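Residues 4 to 372 (the numbering used here) are what the sequence shown spells out, left to right. All C-beta atoms in this analysis are idealised placements derived from N, C-alpha and C, irrespective of residue type, glycine included. This structure is a prediction, so every number in the text was calculated from the model and none was measured. See below for the structure under consideration.
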Amino acid sequence: MTTSPSRLDHPGSAARSAPTRIPATVITGFLGAGKTTLIRHLMENAGGRRIALIINEFGDVGMDREILAACGVEGCAEDDIVELANGCICCTVADEFLPTMEALLARETPPDHIIIETSGLALPKPLVKAFEWPAIRARVTVDGVVAVVDGRAVLDGFFAGDVAGLAAQKAADPSLDHDNPLEEVFEDQVLCADMVVLNKADLLAPGELETLIKTLEAEARPGTRMVPVEHGRVDPAVALGLVAGVEDDLAARPSHHDTEEDHDHDDFDSFVIDIAPVADPVAYAKALTAVVEAHNILRVKGYLDVPGKPMRHLLQGVGPRMAGYFDRPWKTEETRQGRLVVIGLHGLDESAIREAIGQLAVSLSFHKL
4 MTTSPSRLDH PGSAARSAPT RIPATVITGF LGAGKTTLIR HLMENAGGRR
54 IALIINEFGD VGMDREILAA CGVEGCAEDD IVELANGCIC CTVADEFLPT
104 MEALLARETP PDHIIIETSG LALPKPLVKA FEWPAIRARV TVDGVVAVVD
154 GRAVLDGFFA GDVAGLAAQK AADPSLDHDN PLEEVFEDQV LCADMVVLNK
204 ADLLAPGELE TLIKTLEAEA RPGTRMVPVE HGRVDPAVAL GLVAGVEDDL
254 AARPSHHDTE EDHDHDDFDS FVIDIAPVAD PVAYAKALTA VVEAHNILRV
304 KGYLDVPGKP MRHLLQGVGP RMAGYFDRPW KTEETRQGRL VVIGLHGLDE
354 SAIREAIGQL AVSLSFHKL
């Protein structure tokens, strides 16, 4: 594990004294909402601040660290990013997060700002509670919690079948209970936020943005900022300058899990599949969509090996929506191996999904190993 902060220095930055309390921004949001895209934008426009990144992912194999490391932005190099895999950060605070924070703060030149990307299934409130740890609280303040929302997914009923109807019911009866793990995680993320980034606004038809804002305002705490954006393009001065002091405001951030002593993610499954070389990534993504829909898969992301191409192909899907592009050249020391992470609700038929995805290479006459 590395703990080097971003080296986005400007003249004289190395000589500056560290602030009494370093601001930290928690970026949360459901699977595929665009958290990593937002972070990349923030890093590209950091204005000379040394920013430390802590990236957390659900499951044993992390992808976001590699995506950021491949972006070509100074400060996003592999040695500049801390990755905490093997579970959601809200469940591994004592074992992984606190030692990582202590290591960052012990550096001779500590970061100017810390950005923490939670996994898409993490609850932000338990993470913020970790900032009450005396050694952390004396040195760091939570500047704000930013929740990234996939607006298209919300309006398409990804979290609840009738989002507008459910919002109206909750407005009339705040005690309304439900047992939808997707909705509970989504709501906890929004309820803890100081700012909600309405990402992928370009996918919304006229009038849908207003519906989305009304829906989320019914979910969020009063006064939460709603910021519609495309491709995570939020002004860093806003996203990293909320000055909310969240660690002192936890009582005003309700959660479905406030009464639970322990939180787990038994409602969700994740596994990794090695993928044979793919001759046509566009056709592959289309065929993969059918598998996703047949098995109610929530999220797929990973890389494809396209024969004859020097670059690997990044593939990401939120439900049936797929997107892909060549992100970076294959390294001379690495094996060209396609790999996909699959995430869904508990009960996924892993063997059937592995078989279906394995058959794609055959049915589409892709390049054989």
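Worksheet item: Assuming Ala-27 and Val-143 make a contact with CB atoms under 8 Å, what is their CB distance in whole Å?
Response: Beta-carbon to beta-carbon, Ala-27 and Val-143 are separated by about 5 Å, close enough to satisfy the 8 Å threshold.
Worksheet item: Name the DSSP beta bridge partners of Glu-111, please?
Response: None, per the DSSP bridge assignment.
Discussion item. Using only the alpha-carbon positions, how far apart do Lys-217 and Arg-324 sit?
Written reply: 24 Å
Worksheet item: Between Pro-239, Arg-53, Asp-251, which lies nearest to Glu-135 when the distance is taken from Cα to Cα?
Response: For Glu-135, the nearest C-alpha among the options comes from Asp-251.
Discussion item. Helix, strand or coil for Arg-324? Go by DSSP, reduced to three states.
Written reply: strand
Worksheet item: Tell me which same chain residues have a C-beta within less than 6 Å of the C-beta of Met-104, skipping the five on either side of it?
Response: Ile-139
Item to complete: Would you check if there are 3 or more beta carbon pairs closer than 8 Å linking the segment 200–208 to the segment 151–160?
Response: yes
Practice prompt. Below 7 Å CB to CB, which residues in the same chain sit around Ala-223 once its five sequence neighbours on both sides are set aside?
Written response: Val-193, Leu-194, Ala-196, Val-199
Worksheet entry | Supposed close pair Asp-277, Gly-320 - CB separation, criterion 8 Å | So it is not a contact: roughly 17 Å between Cβ atoms.
Worksheet item: What do you get for Tyr-328, buried or exposed, if any count of 16 or more other CB atoms within 10 angstroms of its CB means buried?
Response: exposed
Item to complete: Could I get the ranges of all uninterrupted beta strand (DSSP E) runs contained in the segment 112–137, with 3 residues as the minimum, in chain order?
Response: 116–120
Worksheet item: When we look at the beta-carbon of His-116 and count the other beta-carbons within 10 Å, is it buried (16 or more) or exposed?
Response: buried
Worksheet entry | Cβ-based burial, Ala-355 [other Cβ within 10 Å; buried from 16] | exposed
Item to complete: Report back the beta-carbon spacing between Gly-50 and Pro-239 to the nearest angstrom; my notes put them in contact at under 8 Å.
Response: 7 Å
Discussion item. Classify Gly-37: buried if its beta carbon has 16 or more other beta carbons within 10 angstroms, exposed otherwise.
Written reply: buried
Worksheet item: Would the beta-carbon of Ile-360 fall within 7 Å of that of Val-294?
Response: yes
Fill in: Ala-150 (DSSP reduced to helix, strand or coil)
strand
Worksheet entry | Assigned exposure category for Pro-102 - 16 Cβ within 10 Å defines buried | exposed
Discussion item. In whole angstroms, give me the CA-to-CA distance for Leu-56 and Leu-108.
Written reply: 13 Å
Worksheet item: Once you ignore the five residues that flank Phe-274 on each side, which residues in its own chain have a CB closer than 7 Å to its CB?
Response: Closer than 7 Å at the Cβ level, and outside the excluded window around Phe-274, lie Val-345, Glu-353.
Worksheet item: Taking all protein chains shown into account, do 16 or more other C-beta atoms lie within 10 angstroms of the C-beta of Asn-299, making it buried, or fewer, making it exposed?
Response: exposed
Item to complete: Report the partner residues of Asp-272 according to the DSSP bridge assignment.
Response: Gly-347
Practice prompt. Scan the segment 196–249 and note each continuous beta strand (DSSP E) run of 3 residues or more that stays entirely inside, going in chain order.
Written response: Under the rule that a run must span 3 or more residues, the beta strand (DSSP E) segments found entirely inside the segment 196–249 read 198–202, 228–231.
Worksheet item: If we call anything under 7 Å between Cβ atoms a contact, is Leu-343 one with Ala-290?
Response: No, they are not a contact pair.
Worksheet item: Alpha carbon to alpha carbon, what distance is there between Leu-215 and His-259?
Response: 22 Å
Worksheet item: Taking all protein chains shown into account, do 16 or more other C-beta atoms lie within 10 angstroms of the C-beta of Lys-128, making it buried, or fewer, making it exposed?
Response: buried
Worksheet item: Which residue comes first and which comes last in the alpha helix (DSSP H) that contains Leu-291?
Response: 284–298
Discussion item. Could you tell me the alpha carbon to alpha carbon distance between Gly-248 and Ile-25, rounded to whole angstroms?
Written reply: Straight-line Cα distance between these residues: approximately 11 Å.
Worksheet item: For Arg-302 versus Leu-34, is the C-beta distance shorter than 7 Å?
Response: yes
Worksheet entry | Backbone CA spacing between Glu-99 and Pro-209 [nearest angstrom] | 44 Å
Fill in: Pick from Phe-271, Pro-113, Leu-245, Met-229 that is closest to Leu-187, judged by C-alpha positions
The sequence given here has Glu at residue 187, not Leu. Taking only the C-alpha atoms, the option nearest Glu-187 is Phe-271.
Fill in: Spatial distance of Arg-357 from Met-314 (CA atoms)
25 Å
Worksheet item: In chain order, what residues of the same chain lie with their CB nearer than 6 Å to the CB of Leu-45, ignoring the 5 residues before and after it?
Response: Pro-239
Discussion item. Quick check: Leu-317 and Val-281, are their CB atoms within less than 7 Å of each other?
Written reply: no
Discussion item. Rounded to whole angstroms, what is the Cα-Cα separation between Pro-8 and Ile-54?
Written reply: In this prediction, Pro-8 has a pLDDT of 46, which is less than 50 and means its spatial position is unreliable; nothing more can be read from the coordinates.
Worksheet item: Looking at the unbroken beta strand (DSSP E) that takes in Pro-280, where does it start and where does it end?
Response: Segment: none, Pro-280 is in no beta strand (DSSP E) and carries neither H nor E.
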